[in-house]
Amino acid sequence: MRTSTGPRRRGVLGTAVAGALGAATAGIAAAPAHARTAAGGDAPRTGERLVAILLYDGFTALDAIGPYEVLCRVPGVRVVTVGVRQTGPVRTDTGELSAVAERTLADVPAADVLLIPGGGARGQSAAGADGAVQRWIRRVDRGSVWTTSVCTGSLILGAAGLLRGVPATTHWAARPLLEETGAVWTQRRFVEHGKIITAAGVSAGIDMGLHLASRLAGDDVARAVQLGVEYDPAPPFDSGSAEKADERTKQLALKLLNDASS
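The sequence shown runs -35 to -1, 1 to 227 under mature numbering (1 follows the signal peptide of the UniProt record, and there is no 0).
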């Protein structure tokens, strides 16, 4: 995934890790790819798993980029970003950052992993009401190995009818909206139910990404990727979940989120 703010950061560590990565992954065989082609660009190589991340106007940056930073480093996995009707820059919920969609819905008829990020209220609602988006989600889900979401992306899956009676999670503030889709609210960092995996708010997508890495390539690779991205959370405050925060902090959090995406 490229952002409009600058080139991809790949060269700095490349030389240092190339030899170690080669040795670590030499014995890993990629699983057969479920989706063999993605029109509009290079097709996945034989044996690659294809991960399709939907980018719609108003998505939340870390919802997509967190899992991307994990999954793009898994051997045998190729990640593509998918715009709704055109390729090119797609604005996030703040309106101040863009990520580049490499394909369109029409270009990606199938994928091994479908990943739907959440977004600001406007963007998420529009995606959930977009018939083309909903038809694409249902189509890809029919053949996917994993269908996943981050944060309020679960509301978009719910709008597509994929969460009725399914244990699922989302951002803590969106629980009532998730339950309206027929999902069974489950208070966890991420919830796996059959082929459906839903992650809680924003940063939980990294946890889900590591879980998916384990599913796709094994625990050893997932542990190595976690170290590679140095994901070792040690936040300065213990208010990272609604259960830990007081009411004043909750209200301020909602105001800050709404102000940033207005």
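C-beta atoms are modelled at their ideal positions from N, C-alpha and C, and glycine is treated no differently.
Cβ shell of residue i (< 6 Å), same chain only, five flanking positions each side left out
{"i": "G5", "result": "Unreliable positioning characterises G5 in this predicted model, as indicated by a pLDDT of 42, which lies under 50. The coordinate reading is nonetheless provided below. So the list reads R68 and D72, once near-sequence residues are dropped."}
{"i": "A148", "result": "G123, L128, V131 and A133"}
{"i": "A26", "result": "T57 and L62"}
{"i": "K209", "result": "D203"}
{"i": "L222", "result": "none"}
{"i": "R140", "result": "W150"}
{"i": "H158", "result": "V131 and P132"}
{"i": "R1", "result": "With a pLDDT of only 36 at R1, under the threshold of 50, the placement of this residue in the model should not be trusted, and no figure is reported."}
Pair within 8 Å by beta-carbon distance, residue i and residue j
{"i": "T57", "j": "A66", "result": "no"}
{"i": "V47", "j": "L15", "result": "no"}
{"i": "T113", "j": "D106", "result": "no"}
{"i": "F24", "j": "G88", "result": "yes"}
{"i": "A125", "j": "I102", "result": "yes"}
{"i": "G108", "j": "A75", "result": "yes"}
Buried or exposed by the 16-neighbour rule on C-beta atoms within 10 Å, applied to residue i
{"i": "S119", "result": "buried"}
{"i": "T146", "result": "buried"}
{"i": "A29", "result": "buried"}
{"i": "D172", "result": "buried"}
{"i": "A94", "result": "exposed"}
{"i": "L79", "result": "buried"}
{"i": "G205", "result": "exposed"}
{"i": "A92", "result": "buried"}
{"i": "G31", "result": "buried"}
{"i": "G60", "result": "exposed"}
{"i": "L70", "result": "buried"}
{"i": "R201", "result": "A small correction: the amino acid at residue 201 is Pro; Arg does not occupy that position in the sequence shown. P201 is exposed by the Cβ-count criterion."}
{"i": "A199", "result": "exposed"}
{"i": "L217", "result": "exposed"}
Close Cβ partners of residue i (< 8 Å) along its chain, the five nearest in sequence each way excluded
{"i": "V190", "result": "V35, R38, V39, L175 and A178"}
{"i": "L219", "result": "A138"}
{"i": "D224", "result": "none"}
{"i": "T214", "result": "S204"}
{"i": "V167", "result": "T25, L27, D28, G31, G83, V115, C116 and H136"}
Residue span of the beta strand (DSSP E) that contains residue i, given as start and end
{"i": "L62", "result": "Run containing L62: none; DSSP gives neither H nor E here."}
{"i": "H176", "result": "From DSSP, H176 is part of no beta strand (DSSP E) but of the alpha helix (DSSP H) over A169 to A182."}
{"i": "E13", "result": "Segment: none, E13 is in no beta strand (DSSP E) and carries neither H nor E."}
{"i": "V42", "result": "V42 to G48"}
{"i": "S114", "result": "W111 to V115"}
{"i": "E157", "result": "F155 to H158"}
{"i": "V35", "result": "No beta strand (DSSP E) holds V35; the alpha helix (DSSP H) holding it covers A26 to L36."}
{"i": "L80", "result": "V78 to I81"}
{"i": "T163", "result": "I161 to A164"}
Same chain, Cβ closer than 7 Å to residue i, five either side skipped, listed in chain order
{"i": "T135", "result": "C116, T117, S119, L120, L143, T163 and A165"}
{"i": "L20", "result": "A29, T46, V47, G48, V55, A64 and A66"}
{"i": "L207", "result": "What sits at residue 207 in the sequence shown is Ala, not Leu. Closer than 7 Å at the Cβ level, and outside the excluded window around A207, lie W137 and K215."}
{"i": "G193", "result": "R38"}
Host alpha helix (DSSP H) of residue i (start-end)
{"i": "W101", "result": "G96 to G108"}
{"i": "T214", "result": "E212 to S226"}
{"i": "L120", "result": "G118 to A124"}
{"i": "E195", "result": "Looking at the DSSP string, E195 is not in any alpha helix (DSSP H), and its letter there is neither H nor E."}
{"i": "E145", "result": "R140 to E145"}
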